[in-house]
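One structure is given here, and the rest of the page talks about it.
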């Protein structure tokens, strides 16, 4: 297993969860690490990603509520989710992406369910 996500669960609206994704070094170093989510019948969408240098990008729907971070010593990326809403209910996937001159190499974790009750 190259990407192992954990931390999902059931939480009430307004609560918090922290997702973690541990990666093997070969797919973590120099990669853009991201969190995506996918609801049934919908396309997978970017939640947030972070470059190896720490530049962060967020979807408009989570700005100000979610924080992505990475620990390069532990090859782990985190997603701190605060002020959760029922519409945040999804399966969350960890992603590693590295772009070379000739190709983009992408890996996906197994997904972790986040359920927010109203």
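Numbering (the numbering used here), first residue to last: 350 to 467. Even for Gly, the Cβ is constructed at its ideal location relative to N, Cα and C. Source: prediction; values computed, not measured.
Compare the beta carbon distance of residue 433 and residue 465 with 8 Å and say whether it is the shorter of the two. The residue given as residue 433 occupies position 84 in the chain shown. The residue given as residue 465 occupies position 116 in the chain shown. Cβ atoms of residue 433 and residue 465: closer than 8 Å.
Report the residue from 400, 369, 396 whose alpha carbon sits nearest the alpha carbon of residue 436. For the purposes of this step, residue 436 is identified with residue 87 of the chain shown, where counting begins at 1. It is 396.
Residue 378 classed as buried or exposed, judged by whether at least 16 other C-beta atoms fall within 10 angstroms: For the purposes of this step, residue 378 is identified with residue 29 of the chain shown, where counting begins at 1. Flag for residue 378 reads exposed.
I need the boundaries of the beta strand (DSSP E) containing residue 454, first residue and last residue. Start at 1 with the first residue of the chain shown, and residue 454 comes out as number 105. Unbroken beta strand (DSSP E) run through residue 454: 453-457.
Ordered list of beta strand (DSSP E) runs contained in the stretch 370-422, each at least 3 residues: 381-387, 394-399, 405-407, 415-420
Taking residue 359 as part of the beta strand (DSSP E), name the residues at either end of that continuous run. As a position in the chain shown, residue 359 is number 10, starting the count at 1. Here the beta strand (DSSP E) through residue 359 covers 358-361.
Tell me the rounded alpha-carbon separation between residue 515 and residue 431. What is shown of the chain runs 350 to 467, which leaves residue 515 out entirely.
Within 10 Å of its beta-carbon, does residue 354 have 16 or more other beta-carbons around it, so buried, or fewer, so exposed? Walking along the chain shown from the start, residue 354 turns up at place 5. Classification for residue 354: buried.
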